[in-house]
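For the record, the sequence lines run as chains Y and B.
Counting in this note's numbering, the first sequence runs from 1 upward without gaps.
Counting in this note's numbering, the second sequence runs from 1 upward without gaps.
For each residue, glycine too, the CB sits at the ideal point set by N, CA and C.
Protein chains: 2
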Amino acid sequence: MKHVTAAEQLSDKNIKPSLQRIKILEYLRAHHNHPTADQIYLELRDEIPTLSKATIYNTLNLFLEAKLVRLINIEDNEMRYDSLLYNHGHFKCINCGRIYDFQLNSDVFEEMELERFQITDKNVYYKGMCPDCLDNKIK
Amino acid sequence: MKHVTAAEQLSDKNIKPSLQRIKILEYLRAHHNHPTADQIYLELRDEIPTLSKATIYNTLNLFLEAKLVRLINIEDNEMRYDSLLYNHGHFKCINCGRIYDFQLNSDVFEEMELERFQITDKNVYYKGMCPDCLDNKIK
DNA sequence: ATATGTGCAAACTGTTTGCAGCCGC
DNA sequence: GCGGCTGCAAACAGTTTGCACATAT
Numbered sequence: 001m002k003h004v005t006a007a008e009q010l011s012d013k014n015i016k017p018s019l020q021r022i023k024i025l026e027y028l029r030a031h032h033n034h035p036t037a038d039q040i041y042l043e044l045r046d047e048i049p050t051l052s053k054a055t056i057y058n059t060l061n062l063f064l065e066a067k068l069v070r071l072i073n074i075e076d077n078e079m080r081y082d083s084l085l086y087n088h089g090h091f092k093c094i095n096c097g098r099i100y101d102f103q104l105n106s107d108v109f110e111e112m113e114l115e116r117f118q119i120t121d122k123n124v125y126y127k128g129m130c131p132d133c134l135d136n137k138i139k
Numbered sequence: 001m002k003h004v005t006a007a008e009q010l011s012d013k014n015i016k017p018s019l020q021r022i023k024i025l026e027y028l029r030a031h032h033n034h035p036t037a038d039q040i041y042l043e044l045r046d047e048i049p050t051l052s053k054a055t056i057y058n059t060l061n062l063f064l065e066a067k068l069v070r071l072i073n074i075e076d077n078e079m080r081y082d083s084l085l086y087n088h089g090h091f092k093c094i095n096c097g098r099i100y101d102f103q104l105n106s107d108v109f110e111e112m113e114l115e116r117f118q119i120t121d122k123n124v125y126y127k128g129m130c131p132d133c134l135d136n137k138i139k
């Protein structure tokens, strides 16, 4: 598999690779920390001082439509974004707020009841305490 | 299993069974349509004309804390509530907006990677087209 | 020159909060 | 009479939208 730059990835989806769009996509590809729009904004503002939130939102919605990223909706008051597109679950620690990825057995999704449904999007969200926070509590 | 009234269920959790609280819980127990706070509000307003949205939100948050209901966060701009507490998945049709419940294999959740995690909440959200909408499209 | 992207500010939506009045025990 | 529930309105946060300016071809 050859390396594809962010700019190329955008062009492939017929999205004009403007500076802002490239930077936002690069950020998502480099950081799998499931950032919110705001986090991306704060990070990129140094590099692109004129950047506005509206551009972030516009761009992320564009990416969602083009399926360049996926939306993680684990908490009701925040939309998070992820450039990993394969199916995996997300675990959010209610103590530290970190979000962890985990693999899913593919057969998780063989839900007989949904035979006649056309499933286009699958999300698995768990919440609880992560090992770090559990350890710290014991201390 | 004996029948438990909404009022009893509230008392069991040390929540004073006021009229509003009883009605809201009864509504959730009777309708497994995963309503938003607004839907509940609109439905109950006829019965309780003075009812305010704030009370709905306050009450639902109270119920969440008492684990009388669970939150379904399948869409980012809406919090939905469900009085079914056993583990099941939710499928949202992107065409008609309806939400369907489906059973999950219990072994779905044996995720080795999460061995050291304490999981307190599990949500499985699918999206796509439901059979009804698929049929209508063909026509 | 034209089409498209960006950035500001205002608008909007859904949820939460503060506070005064009300009710039930 | 007291504690706590309710309801109004205002506050709030996150997201979206309208419009004018900037930019690139």
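- So, is the C-beta of residue 130(B) closer than 9 angstroms to a C-beta in chain Y? For this step, residue 130(B) is matched to residue 130 along the second sequence. At least one chain Y Cβ lies under 9 angstroms of residue 130(B).
- Item | Identity of the residue in 123(B), 122(B) and 137(B) nearest residue 216(B) by Cα | Since the displayed chain B opens at 1 and closes at 139, residue 216(B) lies outside it and no answer follows.
- Where do the ends of the alpha helix (DSSP H) carrying residue 27(Y) lie? As a working note, residue 27(Y) is residue 27 in the first sequence. Element bounds for residue 27(Y): 19-30.
- Query: Just the Cα atoms here: how many angstroms apart are residue 97(B) and residue 135(Y)?
  - Reply: Translated into the one-based positions of the second sequence, residue 97(B) becomes position 97. Translated into the one-based positions of the first sequence, residue 135(Y) becomes position 135. Using only the alpha carbons, I get a separation of about 42 angstroms.
- Item | Proximity test, Cβ basis, 9 angstroms: residue 69(B) and chain Y | Position 69 of the second sequence, counting from 1, holds the residue named residue 69(B). By this cut-off, residue 69(B) is not an interface position.
- Query: How long is the line joining the alpha carbons of residue 90(B) and residue 20(B), rounded to whole angstroms?
  - Reply: Taking the first residue of the second sequence as position 1, residue 90(B) is located at position 90. Taking the first residue of the second sequence as position 1, residue 20(B) is located at position 20. One C-alpha to the other measures close to 28 angstroms.
- Under the assumption that residue 140(B) contacts residue 56(B) (Cβ atoms under 8 angstroms), give the Cβ distance between them as a whole number of angstroms. The first residue shown for chain B is 1 and the last is 139, placing residue 140(B) beyond what the model contains.
- Message: So residue 5(B) and residue 127(Y) are supposed to be a Cβ contact under 8 angstroms. How far apart are they, rounded?
- Response: As a working mapping, residue 5(B) is identified with position 5 in the second sequence. As a working mapping, residue 127(Y) is identified with position 127 in the first sequence. Going by Cβ atoms, the distance from residue 5(B) to residue 127(Y) rounds to 31 angstroms, so no, they are not a contact pair.
- Item | Of the listed residues 68(B), 27(B) and 30(B), nearest to residue 11(B) (C-alpha basis) | Here the question's residue 11(B) lines up with position 11 in the second sequence. Checking every option, the nearest Cα to that of residue 11(B) belongs to 68(B).
- So the beta strand (DSSP E) residue 36(B) belongs to, where does it begin and stop? As a first step, residue 36(B) is located in the second sequence; it is residue number 36 there, counting from the start. Careful: residue 36(B) lies outside any beta strand (DSSP E) and carries neither H nor E.
- Excluding the five sequence neighbours on either side, which residues of its own chain have a C-beta within less than 8 angstroms of the C-beta of residue 32(Y), listed in chain order? Translated into positions along the first sequence, residue 32(Y) becomes position 32. Around residue 32(Y): 82, 83, 84 and 101.
- Query: What residue does the beta strand (DSSP E) around residue 120(B) start on, and which one ends it?
  - Reply: Sequence index remark: in the second sequence, residue 120(B) carries index 120 (1-based). According to the DSSP assignment, residue 120(B) belongs to the beta strand (DSSP E) that extends over 118-129.
- Going along the chain, which residues of the stretch 111-122 of chain Y sit with their C-beta nearer than 8 angstroms to a C-beta in chain B? Residues 111, 113, 114, 116, 117, 118, 119, 120, 121 and 122.
- Message: Going by beta-carbon coordinates alone, are residue 113(B) and residue 103(Y) separated by less than 9 angstroms?
- Response: If you number the second sequence from 1, residue 113(B) lands on position 113. If you number the first sequence from 1, residue 103(Y) lands on position 103. A contact, by the Cβ cut-off of 9 angstroms.
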